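> Protein chains in written order, with our numbering: chain A, 1 to 208; chain B, 1001 to 1208. The beta-carbon is built from N, C-alpha and C at its ideal position, and this holds for glycine as well. Only a predicted model underlies this, so the values are computations on that prediction, with no experimental measurement involved. Pasting in a structure now, in structure tokens, and then I'll have a few things to ask.
2 protein chains.
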Amino acid sequence: MLSLANKGLLVVLSGPSGVGKGTVCSFLKSMNPGINFSISATTREARAQEQNGVNYYFLSKDEFINKIDRNEFLEWAEVYGNFYGTPKAVVEEQLVQGKDVLLEIDIQGACKVKESYPEGVFIFLLPPSKEELRKRILGRAADSPETIKKRLSCVDEELAAINNYHYVVVNDRVEQAADKVTAIIKAEKCRLSRNQDMLLNRRRSIID
Amino acid sequence: MLSLANKGLLVVLSGPSGVGKGTVCSFLKSMNPGINFSISATTREARAQEQNGVNYYFLSKDEFINKIDRNEFLEWAEVYGNFYGTPKAVVEEQLVQGKDVLLEIDIQGACKVKESYPEGVFIFLLPPSKEELRKRILGRAADSPETIKKRLSCVDEELAAINNYHYVVVNDRVEQAADKVTAIIKAEKCRLSRNQDMLLNRRRSIID
Chain A
1 MLSLANKGLL VVLSGPSGVG KGTVCSFLKS MNPGINFSIS ATTREARAQE QNGVNYYFLS
61 KDEFINKIDR NEFLEWAEVY GNFYGTPKAV VEEQLVQGKD VLLEIDIQGA CKVKESYPEG
121 VFIFLLPPSK EELRKRILGR AADSPETIKK RLSCVDEELA AINNYHYVVV NDRVEQAADK
181 VTAIIKAEKC RLSRNQDMLL NRRRSIID
Chain B
1001 MLSLANKGLL VVLSGPSGVG KGTVCSFLKS MNPGINFSIS ATTREARAQE QNGVNYYFLS
1061 KDEFINKIDR NEFLEWAEVY GNFYGTPKAV VEEQLVQGKD VLLEIDIQGA CKVKESYPEG
1121 VFIFLLPPSK EELRKRILGR AADSPETIKK RLSCVDEELA AINNYHYVVV NDRVEQAADK
1181 VTAIIKAEKC RLSRNQDMLL NRRRSIID
């Protein structure tokens, strides 16, 4: 396990599907040019406008499974027959270089990452209300009432995972949510536990 | 003891004398009109431009001592024959009303406040460097080398108290320091532990 003390910050932005993680991340990118956004690997086919190494790392199923076997993912999952995962090497390299890395991942993935990186900053993005959540879940696909019910009960399960997180940000207005995430990142850099080396040097210098 | 869960945030900004707490607070006031800055009580005489209830609550020594006896201070201290203290009632009233309150106090005072309010947000303001600190200590008064040595050794003692704090902010540029304190306040409002009531209501509403 990589120690993150005095290294870059690993920020995990997560939340139920449909909560708007992607939209908040788009705002974050424009607000925080210094943050590196982790690029996921996937076995699904690239869409017309998507570029390898920009939107995703596009891998064959064999390549992906080999990487799983070599423990090269921070977290991975199979969704509707396609694999998705966060490549470990790229993230760790950036952290060691003192760069902050943001992962935008689902709740299961975030829980896996937390096992290896408890020092990461875990932010749970919450929908603004029950009505809005229902609307988003209903709006996403023409699902049967049963599927909708299942999705809603999933959300309930997912909400229970919130206790694994350090922060909760309500995504009512995307600019405000992104602003809060930015503040969280800035604040976390000031946490005492992340500044032990700096403090040790300062104390030495004062009693010189 | 007052529980601060789901109430206003108690923010304690502290640090060695000469670090620039007052200057940072002036910036914070202009950046955060929503924050209430606690007004200290003192027995020292009001200076020409100072107003009672604005700069300080000016009290007689008897009044101050009576308040100490009635446990009406969050913290108090005697400095060069004058008493200084933070009146408890005003602070608690604002917190209960959901208002954030910022205390700008010395390190001993902050440690006392932490005993009663561990849920408060404790921020340590650090001087930018040894040279700058020496310069500030030297610049403050025409002290003897012995007094300067004593002050510097005091700073060392004071720095040891930093482990009582949650955050450390280096006051190299006052605007940046104030910006970091602002981010810390914003981030702390998103902490999971401070949003339990909101989350309980949300979970109820989702499984309705």
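Taking DSSP as the reference, what is the three-state secondary structure of residue 109 of chain A?
It is helical.
> Span of the beta strand (DSSP E) holding residue 85 of chain A?
82 to 87 is the span of the beta strand (DSSP E), which, as asked, contains residue 85 of chain A.
> Along the chain, where does the alpha helix (DSSP H) containing residue 174 of chain A start, and where does it finish?
174 to 188 is the extent of the alpha helix (DSSP H) around residue 174 of chain A.
> In three-state terms, what does DSSP make of residue 13 of chain A?
In the structure shown, residue 13 of chain A sits in a strand (DSSP, three-state: E or B).
> Give a yes or no on whether 9 Å exceeds the smallest Cβ distance from residue 1028 of chain B to chain A.
Output row for residue 1028 of chain B: interface = no.
> Is the number of C-beta pairs between the stretch 1143 to 1152 of chain B and the stretch 1095 to 1110 of chain B that are closer than 8 Å three or more?
Not touching, per the Cβ criterion.
> I need the DSSP call for residue 138 of chain A, collapsed to helix, strand or coil.
In the structure shown, residue 138 of chain A sits in a helix (DSSP, three-state: H, G or I).
> Hey, is residue 62 of chain A's beta-carbon within less than 9 Å of any beta-carbon in chain B?
Residue 62 of chain A does not count as touching chain B.
> Can you tell me whether residue 36 of chain A is helix, strand or coil according to DSSP?
Residue state, collapsed to three classes: strand.
> Within 9 Å of any Cβ in chain A, is that where the Cβ of residue 1025 of chain B sits?
By this cut-off, residue 1025 of chain B is not an interface position.
> Find out if the Cβ-Cβ distance for the pair residue 1184 of chain B, residue 186 of chain A is shorter than 9 Å.
It is a contact, given that the beta carbons lie within the stated cut-off.
> Taking Cβ-Cβ distances shorter than 7 Å, what residues in chain A pair up with residue 1180 of chain B?
Neighbours of residue 1180 of chain B on chain A, chain order: 186, 190.
> Do residue 177 of chain A and residue 20 of chain A come within 9 Å of each other at the CB atom, strictly closer than that value?
Yes, they are a contact pair.
> May I ask which residues mark the beginning and end of the beta strand (DSSP E) holding residue 1125 of chain B?
Start and end: 1121 to 1126.
> Taking the beta strand (DSSP E) that residue 1102 of chain B falls in, what are its first and last residues?
Per DSSP, residue 1102 of chain B belongs to the beta strand (DSSP E) from 1100 to 1104.
> What does a CB cutoff of less than 6 Å around residue 1223 of chain B pick up in its chain, not counting 5 residues either side in sequence?
Residue 1223 of chain B lies beyond the stretch modelled for chain B, which goes from 1001 to 1208, so this question has no answer here.
> DSSP has residue 1052 of chain B in a bridge; who is on the other side?
Looking at the DSSP assignment, residue 1052 of chain B forms a beta bridge with B:1056.
> What distance in whole Å lies between the Cβ atoms of residue 1013 of chain B and residue 970 of chain B, which are believed to be in contact at a cut-off of 8 Å?
Chain B is shown only over 1001 to 1208; residue 970 of chain B falls outside these bounds and no answer can be derived.
> Check this for me: beta carbons of residue 188 of chain A and residue 28 of chain A, under 9 Å apart or not?
No.
> Just checking, does the stretch 1037 to 1056 of chain B make contact with the stretch 1102 to 1112 of chain B on the three C-beta pairs under 8 Å criterion?
Taking 8 Å as the limit for Cβ pairs, the verdict is that the stretch 1102 to 1112 of chain B does touch the stretch 1037 to 1056 of chain B.
> Measuring only from the beta carbon, is residue 1185 of chain B closer than 8 Å to any heavy atom that is part of the ligand SAH?
The ligand SAH is absent from the structure shown, which contains no ligand whatsoever.
> Nearest-angstrom Cα distance between residue 92 of chain A and residue 1191 of chain B?
Roughly 26 Å between the two C-alpha positions.
> Report the option in A:53, A:83, A:31 whose CA atom is closest to the CA atom of residue 63 of chain A.
When only C-alpha atoms are compared, the closest one is A:83.
> Using the C-alpha atoms, what's the distance from residue 200 of chain A back to residue 155 of chain A?
Each residue's alpha carbon lies about 45 Å from the other.
> Based on the DSSP output, what are the partners of residue 1073 of chain B in its beta bridges?
B:1087, per the DSSP bridge assignment.
> Please list the terminal residues of the continuous alpha helix (DSSP H) segment that includes residue 24 of chain A.
Segment 21 to 31, the alpha helix (DSSP H) holding residue 24 of chain A.
> Note the first and the last residue of the continuous beta strand (DSSP E) segment covering residue 167 of chain A.
Its beta strand (DSSP E) spans residues 167 to 170.
> Closer than 7 Å by beta-carbon distance: list the chain A residues that pair up with residue 1171 of chain B, in chain order.
What residue 1171 of chain B touches in chain A: nothing, since even the nearest Cβ is about 12 Å away.
> Rounded C-beta distance between residue 170 of chain A and residue 126 of chain A? I'm assuming under 8 Å.
Between residue 126 of chain A and residue 170 of chain A the Cβ distance is about 5 Å, and since that is below 8 Å, they are a contact.
> Pull up the CB-CB distance for residue 122 of chain A and residue 135 of chain A, whole angstroms please, since I reckon it's below 8 Å.
At roughly 27 Å, the Cβ-Cβ gap does not stay under 8 Å, so residue 122 of chain A and residue 135 of chain A are not in contact.
> Distance cutoff 9 Å, beta carbons only. Does residue 1210 of chain B sit that close to anything in chain A?
Past the edges of chain B, shown from 1001 to 1208, lies residue 1210 of chain B, and the structure says nothing about it.
> At a CB distance below 9 Å, what residues from the stretch 66 to 79 of chain A approach chain B? Give them in sequence order.
Those would be none; no residue qualifies.
> Cutting at 7 Å between CB atoms, please list the residues of its own chain near residue 1161 of chain B, excluding the five before and the five after it.
1107, 1111.
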